[in-house]
Amino acid sequence: MTVSIAIMWLTGLLLFAMLVKPIAEKWHMPFASVLIAFGFIGSELMVKAGFDTGIRYDSFHDLIFYIFLPLLIFQAAFTLDIKQLKAHWLPIVLFASPLMLLATAISALLIYWGIGHPSGFPFIAALLTGILLSATDPAAVVGMMRDLGAPKRLCILLEGESLLNDAMAIVTFTVLLQLALMPDFMLSLSDVGVRFFFVFFGGLLFGAVMGMLGILLLNYFQDNISQAVVTMVAAYLGFLLAEKVLLVSGVITVLVAGLMLSHKLSKQRNKTKASLFIDDFWQFNVFVAEALMFLFMGVTITITMFIDNWLAMLIAIAAVLIARVGLLATGAVLLLPMKSQARLTMMDQRLLLTGGLRGAVTLALVLSLPTELNYWWTIQSMAFGVVLFTFFVQAPMLPHLLQQAGQSKSSER
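Under UniProt numbering, the first residue of the sequence shown is numbered 1, with each subsequent residue one higher.
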């Protein structure tokens, strides 16, 4: 595909996304759900008509991993309410670290047992599947939850958990993938631990360096365009240097830099033209990235995927739901001795279960799987199945749950 044709495709897809946006609003559906549906229907109609879209699952791996992913992580960190994050740090850290790893282990074991084919789908494949499916993406529903009157605390829990567990998931996935690609692979906990320590804490350190450099530049440049460029440079330069030069986690680097720059600009946010411009700038970037990513997903879904791997999809969906229930139930028990604001009611758990969608990060990870792995197609099918389930089954349930809880605006009137 030539550059000119690629640009035509990208701009055409963006135009298409804008045209279907009112449909999502009218149907009260997440924008991503409508994009996936229309992307799939459009691609199938083109194939039936004898046209080849030229878009394949591996056509845009670099676009997603090196262009879209830094945008998504930085914007999530940059726009997170730091004060609210500090106020609810305990449940967020609990869900995003030890309990996330527990949920990953549960889902991996269930998937491995459910597939039941050790030679064709070894345990490392189940681990890779479990970790990429642990990355939550509530962005598509948090806005809807706020509109429906959901408590700010629950929205912060979803956003904070997503940001941190996405980072953990990406780092762990990267380490496991490197080990899986080794010849005569033998899973060693010491190898995983050493590599994870280097990648994770190396990313933390380099992220702090990029954050400090960004703050120095923000102090020097006071106009809105220059400050927006500083944030963009921090995101991309930090990510690429970390991944390609230092061989540490680019995601952790971007996350730390984003939080530091957000803290720096928090006092002037919503008060100056520069801060308003930067917020709008990043909202625009993420809109473009997510619109293209979910359209790409819709285009790359095939009927064959459902025919060949429908059972694997169902196994993955069940495993993810069971693991999520286990995570929330364990977290609720551990939070019982804490202050009342940190505890989770049964309705809180239901909302967090339903709002824990899988989306952009899961797609980015599964599309990074090399075809040298014999089980890549099975993992991709399971990931797509879980993403589709969360957007088309879980997301539409949220308004009804909020009404049951008496937390929607309509029920208050």
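Using N, Cα and C, we set each Cβ at its ideal position, and we do this for glycine too. Keep in mind that this is a model prediction, so the values were computed, not measured.
For residue 180, same chain residues with a beta-carbon under 7 Å away, outside a window of 5 residues either side, are 124, 128, 373 in chain order.
With contacts defined as CB atoms closer than 8 Å, residue 44 and residue 92 fail to qualify as a contacting pair.
The beta-carbon distance between residue 133 and residue 107, rounded to whole angstroms, is 6 Å. This is short enough to meet the 8 Å contact definition. Between the C-alpha atoms of residue 229 and residue 67 there is a straight-line separation of about 15 Å.
Classified as exposed, residue 89 has fewer than 16 neighbouring CB atoms from the shown chains inside 10 Å of its CB.
Apart from the 5 residues on each side of it in sequence, residue 75 sits with its Cβ closer than 6 Å to the Cβ of 282, 286 in its chain, given in chain order. In this structure residue 32 is in contact with residue 294, their Cβ atoms being roughly 4 Å apart against a cut-off of 8 Å.
Note on residue 62: under 16 other CB atoms within 10 angstroms of its CB, so exposed under the neighbour-count rule. For residue 301, the secondary structure class from DSSP, reduced to helix, strand or coil, is coil.
In the three-state reduction of the DSSP assignment, residue 118 falls in the coil class, being assigned neither a helical nor a strand state. In the DSSP annotation of this structure, residue 29 is not part of any alpha helix (DSSP H), being labelled neither H nor E. Burial check for residue 178: the Cβ neighbour count within 10 Å stays below 16, so the residue is exposed.
With fewer than 16 other CB atoms across the displayed protein chains lying within 10 angstroms of its CB, residue 220 is exposed. Take residue 354, set aside five residues on each side of it, and the residues of its chain with a beta-carbon closer than 7 Å to its own are 394, 397, 398, 401, in chain order. A straight-line Cα-Cα distance of about 8 Å links residue 263 and residue 78. With 16 or more other CB atoms across the displayed protein chains lying within 10 angstroms of its CB, residue 159 is buried. Assignment of residue 335 by DSSP, reduced to helix, strand and coil, places it in the coil class. Taking a contact to require three or more Cβ pairs closer than 8 Å, the region 327-346 and the region 360-376 do not qualify as touching. Of the other Cβ atoms in all chains shown, fewer than 16 fall within 10 Å of the Cβ of residue 222; this residue is therefore exposed.
Nearest Cα to residue 80 within the set 297, 261, 48, 384: 261.
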